[in-house]
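Our numbering numbers the first residue of the sequence shown as 218 and each following residue consecutively. Okay, structure first, notes after.
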Amino acid sequence: MVYESDAMIPVEIHESSPRFLSFVTEESNEQRRVNLDLLDEAREEARIKAEAVKRRVKHQYSSKVKPRQFQVADLVMRKAHPYELENKLSPKWTRPFKVTEAKGNGSYKLETLERGPIPRS
Numbered sequence: 218m219v220y221e222s223d224a225m226i227p228v229e230i231h232e233s234s235p236r237f238l239s240f241v242t243e244e245s246n247e248q249r250r251v252n253l254d255l256l257d258e259a260r261e262e263a264r265i266k267a268e269a270v271k272r273r274v275k276h277q278y279s280s281k282v283k284p285r286q287f288q289v290a291d292l293v294m295r296k297a298h299p300y301e302l303e304n305k306l307s308p309k310w311t312r313p314f315k316v317t318e319a320k321g322n323g324s325y326k327l328e329t330l331e332r333g334p335i336p337r338s
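Set out below in structure tokens:
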């Protein structure tokens with residue numbers, strides 16, 4: 218099964234099967250050249266299809282995402298890091314935090330309610 222042709226077992230070659238006898242080298246070489254000529258077009262078609270799939274996935278994901286904007290002094294929950302989870306039943310979110318600064322693009326500076334600012338939040 219190399220380059221879209223069926224594999225031949227050694228018995229077919231030694232016993233002169235009809236498939237082996239009907240094989241024409243020039244025809245095979247010509248078919249291989251045609252396939253090589255169409256290779257760039259096949260790659261371009263595959264690239265276009267992959268791009269279309271990416272766009273469909275992005276659109277499907279984006280249609281389910283609800284954009285949210287937080288203001289200063291809002292209380293928010295933060296997703297727990299894997300090292301904060303003790304087992305699979307542990308809460309997926311950590312205690313409430315207070316937004317101290319909105320930096321844009323969905324990033325915020327947070328602080329705890331009792332201890333103060335959180336570095337690198």
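Beta carbons: idealized from backbone N, C-alpha and C, even for Gly. Source: prediction; values computed, not measured.
Start and end residues, beta strand (DSSP E) containing residue i
{"i": "L327", "result": "324 to 329"}
Cβ shell of residue i (< 8 Å), same chain only, five flanking positions each side left out
{"i": "T329", "result": "R312, F314, K315, I335"}
{"i": "G333", "result": "none"}
{"i": "I265", "result": "none"}
{"i": "L302", "result": "K309"}
Per DSSP, the bridge partner or partners of residue i
{"i": "P334", "result": "E328"}
Distance CB(residue i)-CB(residue j) smaller than 8 Å
{"i": "K309", "j": "K296", "result": "yes"}
{"i": "K326", "j": "T317", "result": "yes"}
Contacting residues, own chain, Cβ-Cβ under 6 Å from residue i (five flanking each side not counted)
{"i": "K275", "result": "none"}
{"i": "Y278", "result": "none"}
{"i": "E244", "result": "none"}
(message) For a minimum of 4 consecutive residues, which ranges assigned as the alpha helix (DSSP H) are wholly contained in the segment 249 to 321?
(response) 256 to 281, all fully within the segment 249 to 321.
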